[in-house]
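Colleague:
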Amino acid sequence: MAVPASSLRTALLVLLSLGLTLALGLLLPEALRLLFSLLGFPCDNASHAIVLVYFVFMLFVAMPSLPRGTVPTQGKVVLITGCDSGFGLALAKHLHNLGFTVFAGCLLKDKNGEGAQELQSLHCDRMKVLQLNVCSEEEVTQAVEFVTKNLEDPGLWGLVNNAGISTFGEVEFTSLDTYKEIAEVNLWGTIRVTKAFLPLVRQSKGRVVCMASMLGRMGCPSRSSYCVSKYGVEAFSDCLRQEMYKWRVKVITIEPGNFIAATGIFTKEGVEKRGQEMWEQTSETIRNDYGKVYFSHQVARMKAFVSSGVKNMSPVINVLADALTSKYPYTRYNPMDTYCWIKVQVMSHLPAAIADRIYI
Ligand SMILES: NC(=O)c1ccc[n+]([C@@H]2O[C@H](COP(=O)([O-])OP(=O)(O)OC[C@H]3O[C@@H](n4cnc5c(N)ncnc54)[C@H](OP(=O)(O)O)[C@@H]3O)[C@@H](O)[C@H]2O)c1
Numbered sequence: 001m002a003v004p005a006s007s008l009r010t011a012l013l014v015l016l017s018l019g020l021t022l023a024l025g026l027l028l029p030e031a032l033r034l035l036f037s038l039l040g041f042p043c044d045n046a047s048h049a050i051v052l053v054y055f056v057f058m059l060f061v062a063m064p065s066l067p068r069g070t071v072p073t074q075g076k077v078v079l080i081t082g083c084d085s086g087f088g089l090a091l092a093k094h095l096h097n098l099g100f101t102v103f104a105g106c107l108l109k110d111k112n113g114e115g116a117q118e119l120q121s122l123h124c125d126r127m128k129v130l131q132l133n134v135c136s137e138e139e140v141t142q143a144v145e146f147v148t149k150n151l152e153d154p155g156l157w158g159l160v161n162n163a164g165i166s167t168f169g170e171v172e173f174t175s176l177d178t179y180k181e182i183a184e185v186n187l188w189g190t191i192r193v194t195k196a197f198l199p200l201v202r203q204s205k206g207r208v209v210c211m212a213s214m215l216g217r218m219g220c221p222s223r224s225s226y227c228v229s230k231y232g233v234e235a236f237s238d239c240l241r242q243e244m245y246k247w248r249v250k251v252i253t254i255e256p257g258n259f260i261a262a263t264g265i266f267t268k269e270g271v272e273k274r275g276q277e278m279w280e281q282t283s284e285t286i287r288n289d290y291g292k293v294y295f296s297h298q299v300a301r302m303k304a305f306v307s308s309g310v311k312n313m314s315p316v317i318n319v320l321a322d323a324l325t326s327k328y329p330y331t332r333y334n335p336m337d338t339y340c341w342i343k344v345q346v347m348s349h350l351p352a353a354i355a356d357r358i359y360i
């Protein structure tokens, strides 16, 4: 009988953690004992405690997650924004397959966008596609009316704030309008939609899921407009989570790593076009100071970045589904590859001066 890859991976990680624990367990106590005796402190307990904490940490990282139970999906209703493509489209189909009734908000439903058409072609009562631009007060109000009218039981189980856009460009090349444009969708769109649908979510003691990003937890050169918006989403979700405990509504933040190659958030043509616009719109002083060679190099790097990252969306789709189906969902999910995971840990836990030297 073949051993599943996940069990093999877990076994290897546990072995690695034991090996490291033993190696450090032998060396670290000696080093600490020496240090503590030089400083004149009693040392035995301190070194044992450190090894124990380290061992527990490694097991925590290596162990598969404990079963947390699932909630029934039949009769549960979820609204997702940004279902024209990428994570939103894939999630709408996945939740529908799991038995949810899905309200799929599409930016281009009224323009016969491909994503909206694909979802409508399912011809199923549990898949309802609606026009929803998260930046439009009017469309959000109409969406609330549409959902309320079509609910069989009062209450919305889940709201997934997925709609988002991104761009690139160093601060000195990024106009204030660009900062506003990105925040208008990612941050104000999330807040607008959440405020509008919260009464329905509170009725069913449901869940609000906000799509942030690893760039909501760490800065990154050339991505300040996106980072600003996603740091905002993190702040909003954290405050809302604390306020919603009393209503038994769970607020969950998703922080994906790099899945750029898997979704439509960046295209090479889009990067090229944006690069040209930025160069043309920026001031003479900035152009002279940075120079065209430097700027073109940045654009080329971004174009190469478009085909980078995890090419399969399923890690993100699986955690989004877990956030909506688990009895005890996590507060934060970090679907990402090991490289991004280590980078986020280093960037968010080490002193900034050291972390910057490692990665920038
Ligand atoms: N891909 C990644 O590596 C990654 C990493 C971390 C976080 N995220 C986040 O994941 C979410 C989904 O992004 P994705 O990667 O799946 O990109 P995507 O394929 O471009 O999906 C984003 C969707 O949002 C829609 N949208 C844009 N503006 C909107 C508006 N004003 N109202 C409603 N919908 C709007 C887009 O429609 P159009 O296609 O018509 O523009 C698109 O369907 C975003 O919040 C993004 O920031 C992505």
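For the sequence shown, counting from 1, position 5 maps to 5 in our numbering; every step adds exactly one.
Think of the CB as a built atom: it goes at the ideal place given N, C-alpha and C, for glycine as much as any other residue.
Once DSSP output is grouped into helix, strand and coil, what is the label at Gln131?
Modeller: Strand, per DSSP.
Colleague: Closest to Ile80 by CA distance: which of Thr331, Gly275, Val140 and Gly309 is it?
Modeller: Nearest C-alpha to Ile80: Val140.
Colleague: Do the segment 78-97 and the segment 106-120 meet, that is, are 3 or more Cβ pairs less than 8 angstroms apart?
Modeller: Flag = yes, the segment 78-97 and the segment 106-120 touch.
Colleague: Any idea what DSSP makes of Phe266, helix, strand or coil?
Modeller: It is coil, neither helix nor strand.
Colleague: Thinking C-alpha only, which one of Thr21, Pro64, Tyr54 and Gly69 is nearest Asp322?
Modeller: For Asp322, the nearest C-alpha among the options comes from Gly69.
Colleague: Please say whether Lys195 and Gly216 have beta carbons closer to each other than 8 angstroms?
Modeller: No.
Colleague: Does DSSP put Thr253 in a helix, a strand or coil?
Modeller: Note: Thr253 maps to strand in three-state DSSP.
Colleague: Does the beta carbon of Met302 fall short of 7 angstroms from some heavy atom of ligand 1?
Modeller: Incorrect: Met302 has no Cβ contact closer than 7 angstroms to ligand 1.
Colleague: Reducing DSSP to helix, strand and coil, say where Val316 ends up.
Modeller: The answer is helix: DSSP assigns Val316 an H, G or I state.
Colleague: Do Met278 and Phe173 have their C-beta atoms within less than 8 angstroms of each other?
Modeller: Taking 8 angstroms as the Cβ cut-off, Met278 and Phe173 qualify as a contacting pair.
Colleague: Beta carbon of Gly113: closer than 7 angstroms to some heavy atom of ligand 1?
Modeller: Yes.
Colleague: Could you tell me the boundaries of the alpha helix (DSSP H) in which Phe305 lies?
Modeller: Looking at the DSSP string, the run of the alpha helix (DSSP H) that includes Phe305 is Lys292 to Phe305.
Colleague: Note down, one range per segment and in chain order, each beta strand (DSSP E) of at least 3 residues found wholly within the segment 5-83.
Modeller: With a minimum length of 3 residues, the continuous beta strand (DSSP E) runs that stay inside the segment 5-83 are 77-80.
Colleague: Is Arg332 closer than 8 angstroms to Glu255 when the C-beta atoms are compared?
Modeller: Against a cut-off of 8 angstroms, the Cβ pair of Arg332 and Glu255 comes out as a contact.
Colleague: Could you check if Tyr226 is buried or exposed, using at least 16 other CB atoms within 10 Å of its CB as the buried criterion?
Modeller: Under this definition Tyr226 is a buried residue.
Colleague: Between Glu30, Gly275 and Ala163, which lies nearest to Leu132 when the distance is taken from Cα to Cα?
Modeller: Closest by alpha carbon: Ala163.
Colleague: Give a yes or no on contact between the segment 201-213 and the segment 241-258, applying the rule of three or more CB pairs nearer than 8 angstroms.
Modeller: Yes, they touch.
Colleague: Compare the Cα-Cα distances from Leu108 to each of Leu89, Asn97, Arg126 and Cys124 and report the closest residue.
Modeller: Per the Cα distances, Leu89.
Colleague: Sort Glu137, Leu20 and Pro221 by Cα distance to Val171 and report the nearest one.
Modeller: Comparing Cα positions, the closest option is Pro221.
Colleague: I'd like the ranges of any alpha helix (DSSP H) spanning at least 4 consecutive residues and lying wholly in the segment 118-172.
Modeller: Segments of the alpha helix (DSSP H) lying fully in the segment 118-172: 137-150.
Colleague: Counting C-beta neighbours from all protein chains within 10 Å, is the total for Val147 16 or more, i.e. buried, or is it exposed?
Modeller: The residue is buried, with at least 16 neighbouring Cβ atoms inside 10 Å.
Colleague: Do Val78 and Leu95 have their beta-carbon atoms positioned less than 8 angstroms apart in this structure?
Modeller: Yes, they are a contact pair.
Colleague: Going by CA-CA distance only, name the one from Leu151, Ser314, Val310 and Leu350 that's closest to Thr338.
Modeller: The shortest C-alpha separation from Thr338 is found at Val310.
Colleague: Within 10 Å of its beta-carbon, does Cys124 have 16 or more other beta-carbons around it, so buried, or fewer, so exposed?
Modeller: By the neighbour-count rule (16 or more Cβ atoms within 10 Å), Cys124 is not buried but exposed.
Colleague: Taking the continuous beta strand (DSSP E) assigned at Met244, which residues delimit it?
Modeller: Segment Ser224 to Met244 is the alpha helix (DSSP H) holding Met244; no beta strand (DSSP E) there.
Colleague: What is the DSSP secondary structure of Cys106, reduced to helix, strand or coil?
Modeller: Of the three classes helix, strand and coil, the one that applies to Cys106 here is strand, per DSSP.
Colleague: What's the C-alpha gap between Thr282 and Gly264?
Modeller: Roughly 27 angstroms between the two C-alpha positions.
Colleague: Would the beta-carbon of Gly88 be found less than 7 angstroms away from any heavy atom of ligand 1?
Modeller: At least one heavy atom of ligand 1 is nearer than 7 angstroms to the Cβ of Gly88, so yes.
Colleague: Taking C-alpha atoms, which residue in Ala31, Tyr54, Leu39 and Phe36 lies nearest to Val14?
Modeller: Closest option to Val14, Cα to Cα, is Tyr54.
Colleague: Comparing the CB of Asn133 with every heavy atom of ligand 1, is any distance shorter than 7 angstroms?
Modeller: Yes - ligand 1 has a heavy atom lying nearer than 7 angstroms to the Cβ of Asn133.
Colleague: Could you give the C-beta distance for Cys106 and Gly115, rounded to a whole number, given that I count them as a contact under 8 angstroms?
Modeller: Rounded, the Cβ-Cβ distance is 6 angstroms, consistent with contact.
Colleague: By Cβ distance, which residues of its chain are closer than 8 angstroms to Ala261, with the 5 residues on each side in sequence left out?
Modeller: Same-chain partners within the cutoff: Val306, Ser307, Ser308, Gly309, Val310 and Lys311.
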